[in-house]
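**Q**
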Amino acid sequence: MNAIEVRELKKSYPKKIPLPLRRVEWIEAVKGISFEVKKGELFGLLGPNGAGKTTTIKMLTTLLEPTGGEAKILGYDIKRDAREIRKRINLVAEGERTLYWRLSAYENLKYFSRIYYVPKNKEKGRIEELLKLVGLWERRNDLVMGFSRGMKQRLAIAKALINDPEVLFLDEPTLGLDVQSALFVREFIKKLVEEHKKTVLLTTHYMAEAEELCDRIAIIDHGKIIALDTPEGLKRMITDEDAVEIKVKDFAPSKLERSPFRMAVVKEDASTNMLLLRGQVVEEELPKLVEWLVRRGAKILSVEQKEPTLEDVFIKLTGRAIRD
Amino acid sequence: MLAVMEKELRMFFRYPLRVVSSIIVGIVFLVQFIFFGQAVLGGRYSSMLAASTGMGDYPTYALIGYVLWWLFTSPIEAYIFGIRRELQRGTLEINMLAPLRTIKFLIGLSLGWILIDNVLMGVVFLFGVCLFKIPLSWGIILKAVPIFMLAFVAFLGFGMIFAGLVMLFKNIGALGQIFEFLVMFLSGVFFPLNVMPYWVRAVGNAIPLTHAINIVRGVFVGKSYAEMASSLQALLLLSTAYWLISYGIFRWAEKITRVVGYGGY
Amino acid sequence: MVATELRPLWAVMVKNWRIFLSYKIWFVSDILMGLFFVAQALLIGIGLTGERNSPALQKLTGYSDYVAFAVLGLMVLFFGLTFLSGFVWNVVDELYAGTLEYNFAAPMRRPTFFLGNVLLRIVMTLIYLIFYLVLFKFLFNLHLNFLAFIKAVPVLLIGALGMIGLGMAAAGVVLYLRDPGPFITVLEMLVFALSGAMYPLSILPKGLQIMAKALPYAPTTDAIRKVVAFGYGSAKNEIVYLIVISSVYVLFGYVAYKWSEKQARVIGLKSY
Ligand SMILES: Nc1ncnc2c1ncn2[C@@H]1O[C@H](COP(=O)(O)OP(=O)(O)OP(=O)(O)O)[C@@H](O)[C@H]1O
Ligand SMILES: [Mg+2]
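Protein chains in written order, with the numbering used here: chain Z, 1 to 324; chain S, 325 to 589; chain F, 590 to 861.
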C-alpha cells in the first residue's frame, strides 16, 4: 500500500467569502494533481512562490477541503476519515509563528502530546527524547519567545514527531533559516527517513535542497505537476546539453520572451543594472546567442559553462527560473 | 512632520470599522453614567449638584466633563500607542535616524492621532447634545473654544510625560489606561469633587483637566471670564509647568535610550 | 470518548492559564475596571442625591440601594462578557499567534478545544466575582444577602448557556475578518449598553429596549435581580423568558459556528 495517493486533486479559493446568494470569483490554486508516495519514501514538491505547494499540504493534512479529486493517506480518505488521518500524521507548517511563544519548549510539547492522545506513561519519555534529539533539552524551560529562528523550527519539528507519526508533512522546513540551522534540519530529515523509517512529504523552492534530500521530486508550477521523477531522472532530461550562465548589463529582461533561446533570469541586481541569465545552449549556438544579446543593447560581462542542475530542468520546462 | 501625520491618517482610515467602533465605545461610556445618574435622580436636575458646582443639569455637567477628559487623554494615548506601534514595526529607530528632530517626529506622530481622536470626540459630543437635548448656543460655543484651545496646549504638554515613559518602559499601555481612569476620579468628570476627601481635591487641582472642566462649565451657566480668573490662572500656570517638566523628562529618557538601545519589541 | 477527551481538555485549560498568567498588567487592570465602575456609581449617586438610597430607582426597579443595583448588574455583565470576549478573543489570539492551525490539525475534537477555554474562563470569572463581592462589601459597605445571591446561581447558569451561544456565533464570524478587533469591540459595547448593568432598561428608547430583550444579557440581569430581591416565585415570567431565549441562542450559536468552520476549510484560515 502507498502512504499517500493523490488523484486529480483540485483546490479553488474564493476571492471573497462565499455568503449564500453572493456570487464570487474563484482562483484555481491547485489544478488537478496526481501522485503517489511509497512508504518510507522522501518525496519533494518543488515549485516557485504561489505554485500551490502549501495548498496541497493543507489539503492532505485535512486542514482544507479540496474542491475536487481525492486523496488517501495510509488508506484513509482525506474527506471522510479526517480524524483517523490526524492521529497518524503530523506537520510542520510554513512560517515562524506556529507555536505558543508564551509557553516554554517543554510546555509546548506537553500540550501537543495531550491533544494528540499520547498515552500518559509515554509522554514524559517521549518529550525528553525529542527535545534531546533536536538539541533543545538544555533550553526546555525557556520561553519560545526568546528562541532563535532555527531553534523555533527545531521545536516545531519535535512537535511534529510527538505522536510518532507514520507520515510527516514539512512545508518549506528550511525557509528563512541560517545556513547552520538549515543544515541541521536537512540532516535531521534524512535521519528520520533512513533510521526511523518515516514517510516524508516536503515542499521547497530550493533546488539544491530537493536534489540533495528527495528520493523523488514533483515539480509543480501554477497548480500543475509538470515533471515527476527521481533527481537523476529529472536531470537526464537535459544531459545532452550544457548549461550556460551569462552575466549581462543594460538589458531589459522582457525582451527574452520573444527570443529563440530558452534563457531565464536567475538573478537581478537593480542597483548595478546587472542580470544573470541561465539556460541551455549547444556549443554551436552560443555565438548566435551572444550576438542576439549584443544586438539588443546588452553588454556581456561573462559567459560560463555550468553543470546542469534541477534549475535547468525548470527553465527548460517553463522558460522561467525559480527565484526567491 | 506633515508626512508623518498623513501616514497616520491613511493608516487609520484603511479600517473604517475602527472609526465606528471608537465612536460607539465613546458613546456607550458616556451614556452609561448619565443614564445611571438619571435613574438614581429620577430626572435630570439635581439641586445638590447645583448647590455644590453651580450647574444643576446632570447630562450637561457630565457631557462637558467627559468631552474635556477625552481631549485630555488623547495626547497621552497618541504618544503611548504611536511610539509603541513604531517599536512594534521596528521603524522607530529608522525614523529617529532620519534628519527630522525626534521631538518634531513625535508631535507629528501624535497630531495625526489627536486630530482623528478629536473628530471622533466631536461626533460623540454632538450625539450627546442631541440625545440629552443639551441647551447650546453660538455664544456659549464661541466662548468655550478659546478655553478648549488653551486646555489643549496644557494637555499636550502633560501627555508628553508619557512619551518619555514609553521610551523607557516600552509596554505601558495598561498603565496609561489606569492613569486615565484615575483622572476621572480626580478631576470631577462625572461627579462633583466635594464628595471627595480634601487631599484628593488637592491632587485634582494639580491636573490641568480639573480647571479646564470648571471653566467650561462656568461658560455654560453664563459666567464671564473675569469671574473665573483664578481657574484661568491655574490653567496657564500648570500649562507652562508641565511643558517644562515633560520636556525635561523626555530629553532624559531619550538620552538613556540612546545608551541602552531602543530594543526590539 | 469522554474519557479520552479529558486529558486534552485539561491540557487546553492549563495552556490557556499559563498564557493568561504571562499578561500580568492586564490582570490588574481587569480587576481595577470593576472597581472603577462601582466606585463611579457610588460617587455619582452621592454627588447627585447626597444619599445612599434612591427612591426614584426604587420606584423603577424595586432596588433603593443603587450600589447594590449596579453591583449585581455589573457582575452579570462581567460574567457574560467572559463568554463573548473570551470565546472570540481566544480565536483571535490563536489566529494572531498562528497556533490555531496546529490545534485544528490535531486529532483532539473541536468542542474539547472550545470547552477547555470556556471552563477556564468560568472558573476565573467566579473567582473574580467572589473577590469583588468581598471587596465591595468592605469598601462600600454593601448589603447583599449572600444566601439570596447563591440562590440566583442557577439563573445565572441558564443565562450563561445563551451567552455561550452568542459567543460561538461571534467566534464563527471572527474566523474571517481581516481586522476583528473593532468588530469585537462594537459587539462588546452593544452588550454593555443593552445589558442594563448600570441603569434600568426602561430608561432607554423603545427600539433599544427591544434589542436589549433580544440579547441574552438583560433578561439574565432582570431575572437575577428579581430572584435576589423577591425570590423565585415572583420571577417566574422572567425565568421562562430566559430559558426560551437561551435555548434559541444555543441553537443559533451551534449552527452558525458549524457553518463558519466548514467555510474556513473552504477558504482557508486567515493568517496575519
Ligand atoms: N486563503 C487563500 N485565499 C485565497 N487565495 C489563496 C489562499 N491561500 C493561497 N492562495 C493563492 O493560491 C495560490 C497558491 O498558494 P500556495 O500558498 O499554495 O503557494 P505555495 O506554493 O505554497 O507558495 P509559497 O512558496 O509562496 O509558499 C497563490 O496564488 C495564492 O495567492
Ligand atoms: Mg507555501
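Ideal Cβ positions, reconstructed from N, Cα and C, are used throughout, including at glycine. Computed from a predicted model, the values in this text were never measured in an experiment.
Is there at least one Cβ from chain Z nearer than 7 angstroms to V855/F's Cβ?
**A** Here the question's residue 855/F lines up with position 266 in the third sequence. Yes - at least one Cβ of chain Z is within 7 angstroms of the one on V855/F.
**Q** Out of R278/Z, K267/Z, D178/Z and T98/Z, which has the shortest C-alpha to C-alpha gap to A156/Z?
**A** For the purposes of this step, residue 156/Z is taken as the residue at position 156 of the first sequence. Checked all of R278/Z, K267/Z, D178/Z and T98/Z; the closest Cα to A156/Z is T98/Z.
**Q** Roughly how far, in whole angstroms, is the beta-carbon of V513/S from the beta-carbon of W393/S, given that I think they are within contact range, below 8 angstroms?
**A** As a first step, residue 513/S must be located in the second sequence, where it is residue number 189. As a first step, residue 393/S must be located in the second sequence, where it is residue number 69. Right, their Cβ atoms sit about 5 angstroms apart.
**Q** Pull the bridge partners of R278/Z from the DSSP assignment, please.
**A** The count along the first sequence starts at 1 and reaches residue 278/Z at position 278. R278/Z is bridged to E245/Z and A264/Z.
**Q** Beta-carbon separation of M664/F and P597/F under 7 angstroms?
**A** Numbered from 1 along the third sequence, position 75 holds the residue referred to as residue 664/F. Numbered from 1 along the third sequence, position 8 holds the residue referred to as residue 597/F. It is not a contact, given that the beta carbons lie outside the stated cut-off.
**Q** Any beta carbon from chain F within less than 7 angstroms of F314/Z's own beta carbon?
**A** The residue you call residue 314/Z lines up with position 314 of the first sequence. So, not an interface residue.
**Q** Quick one: which residues of the stretch 79–93 of chain Z get their C-beta closer than 8 angstroms to a C-beta of chain B? List them in chain order.
**A** Considering every chain present, this structure includes no chain B. Its protein chains are Z, S and F.
**Q** Show which residues of chain Z have a CB atom less than 7 angstroms away from the CB atom of T688/F.
**A** On the third sequence, position 99 is the one that residue 688/F refers to. Neighbours of T688/F on chain Z, chain order: T98, L99 and Y100.
**Q** Less than 6 angstroms separating the Cβ of E138/Z from some heavy atom of ligand 4?
**A** Looking for ligand 4 in the displayed structure turns up nothing; the ligands present are ligand 1 and ligand 2.
**Q** Quick check on C454/S: buried or exposed, where buried means 16 or more other Cβ atoms within 10 Å of its Cβ?
**A** By 1-based counting over the second sequence, the position of residue 454/S is 130. Burial call: exposed.
**Q** Leaving out five residues on either side along the sequence, give the residues of the same chain with a beta carbon under 6 angstroms from the beta carbon of F668/F.
**A** Stepping through the third sequence from its first residue, residue 668/F is reached at position 79. Excluding residues up to 5 positions away in sequence, T714 lie with their Cβ nearer than 6 angstroms to the Cβ of F668/F in the same chain.
**Q** Counting only Cβ-Cβ distances shorter than 8 angstroms, please list the residues of the stretch 532–547 of chain S near chain F, keeping chain order.
**A** none
**Q** Taking only beta-carbon positions, decide if P14/Z is within less than 7 angstroms of chain F.
**A** Start at 1 with the first residue of the first sequence, and residue 14/Z comes out as number 14. Among the CB atoms of chain F, one or more fall inside 7 angstroms of the CB of P14/Z.
**Q** Answer yes if the stretch 18–32 of chain Z comes into contact with the stretch 79–89 of chain Z, meaning at least three C-beta pairs across the two stretches below 8 angstroms, and no otherwise.
**A** no
**Q** Identify the continuous beta strand (DSSP E) that holds T56/Z and give its terminal residues.
**A** Translated into the one-based positions of the first sequence, residue 56/Z becomes position 56. Run containing T56/Z: none in the beta strand (DSSP E); it sits in the alpha helix (DSSP H), K53 to L60.
**Q** Does DSSP put K316/Z in a helix, in a strand, or in coil?
**A** Within the first sequence, the letter at position 316 stands for residue 316/Z. In the three-state reduction of the DSSP assignment, K316/Z falls in the helix class, which pools H, G and I.
**Q** Would you mind telling me which residues of chain Z sit closer than 9 angstroms to I711/F, beta carbon to beta carbon, in chain order?
**A** Start at 1 with the first residue of the third sequence, and residue 711/F comes out as number 122. Going along chain Z, no residue has its Cβ under 9 angstroms from I711/F, so there is no contact; the nearest lies around 21 angstroms.
**Q** Using a Cβ-based criterion (distance less than 6 angstroms to any ligand heavy atom), does E94/Z qualify as near ligand 2?
**A** As a working note, residue 94/Z is residue 94 in the first sequence. Checking the Cβ of E94/Z against ligand 2 gives yes.
**Q** Could you round the C-beta distance between M787/F and A659/F to whole angstroms and report it? I think they count as a contact, below 8 angstroms.
**A** For the purposes of this step, residue 787/F is taken as the residue at position 198 of the third sequence. For the purposes of this step, residue 659/F is taken as the residue at position 70 of the third sequence. A Cβ-Cβ separation of about 6 angstroms places M787/F in contact with A659/F under the 8 angstroms criterion.
**Q** Under the three-state reduction of DSSP, which class applies to A786/F: helix, strand or coil?
**A** Reading the third sequence from its first residue, position 197 is the one you call residue 786/F. If DSSP states are grouped into helix, strand and coil, A786/F belongs with coil.
**Q** Under 7 angstroms between beta-carbons, which chain Z residues line up against T809/F? List them in chain order, please.
**A** Taking the third sequence and counting its residues from 1, the one referred to as residue 809/F is at position 220. By Cβ distance, chain Z contributes nothing, its closest Cβ being about 31 angstroms from T809/F, past 7 angstroms.
**Q** Which residues, in order along the stretch 366–382 of chain S, keep a beta-carbon less than 8 angstroms from a beta-carbon of chain F?
**A** G366, G367, S370, M372, L373, S376 and Y382
**Q** Reducing DSSP to helix, strand and coil, say where I328/Z ends up.
**A** In the structure as shown, chain Z begins at 1 and stops at 324. Residue 328/Z is therefore absent and cannot be evaluated.
**Q** Compute every distance between the C-beta of K53/Z and the non-hydrogen atoms of ligand 2, then say whether any falls below 6 angstroms.
**A** Counting from one through the first sequence, the residue named residue 53/Z turns up at place 53. K53/Z: yes, Cβ under 6 angstroms from ligand 2.
**Q** For I531/S and G497/S, what's the separation of their Cα atoms in angstroms?
**A** Along the second sequence, one-based indexing puts residue 531/S at 207. Along the second sequence, one-based indexing puts residue 497/S at 173. One C-alpha to the other measures close to 20 angstroms.
**Q** By DSSP, does Y76/Z sit in helix, in strand, or in coil?
**A** Position 76 of the first sequence, counting from 1, holds the residue named residue 76/Z. If DSSP states are grouped into helix, strand and coil, Y76/Z belongs with the strands.
**Q** Using the C-alpha atoms, what's the distance from V448/S back to N706/F?
**A** On the third sequence, residue 706/F is found 117 positions in, with the first residue counted as 1. On the second sequence, residue 448/S is found 124 positions in, with the first residue counted as 1. Rounded to whole angstroms, N706/F to V448/S spans 36 angstroms at the Cα level.
**Q** Once the 5 residues before and after G761/F are set aside, which same chain residues still bring their CB inside 6 angstroms of it?
**A** As a working mapping, residue 761/F is identified with position 172 in the third sequence. A distance below 6 angstroms between beta-carbons, with the five flanking residues on each side excluded, links G761/F to the following residues of its chain, in chain order: A845, Y846 and S849.
**Q** With a threshold of 16 other CB atoms inside 10 Å of the CB of A803/F, please say whether the residue is buried or exposed.
**A** Here the question's residue 803/F lines up with position 214 in the third sequence. So A803/F counts as exposed.
**Q** Is there a Cβ of chain Z sitting closer than 7 angstroms to that of Y846/F, yes or no?
**A** Counting from 1 along the third sequence, the entry for residue 846/F is found at position 257. With 7 angstroms as the cut-off, Y846/F does not count as an interface residue toward chain Z.
**Q** Tell me the rounded alpha-carbon separation between I834/F and L19/Z.
**A** Residue 834/F sits at position 245 when you count from the first residue of the third sequence. Residue 19/Z sits at position 19 when you count from the first residue of the first sequence. Here the C-alpha atom of I834/F lies approximately 26 angstroms from the C-alpha atom of L19/Z.
**Q** Please name the residue in L365/S, A363/S and F357/S whose C-alpha comes closest to that of Q629/F.
**A** The residue labelled residue 629/F in the question sits at position 40 within the third sequence. Residue F357/S is the option with its Cα nearest to Q629/F.
**Q** So does the stretch 119–135 of chain Z actually touch the stretch 2–19 of chain Z, counting three or more Cβ pairs closer than 8 angstroms?
**A** Contact fails between the stretch 119–135 of chain Z and the stretch 2–19 of chain Z, because fewer than three Cβ pairs, one in each stretch, are under 8 angstroms apart.
**Q** With DSSP as the reference, please indicate the residues paired to E36/Z in a beta bridge.
**A** Position 36 of the first sequence, counted from the start, is the residue given in the question as residue 36/Z. Answer is E5/Z.
**Q** Show which residues of chain Z have a CB atom less than 8 angstroms away from the CB atom of A759/F.
**A** Numbered from its first residue, the third sequence carries residue 759/F at position 170. Simply none; closest approach about 16 angstroms.
**Q** In chain F, which residues lie with their C-beta within 8 angstroms of the C-beta of I348/S?
**A** The residue given as residue 348/S occupies position 24 in the second sequence. Here the neighbours are T774, V775, M778 and L779.
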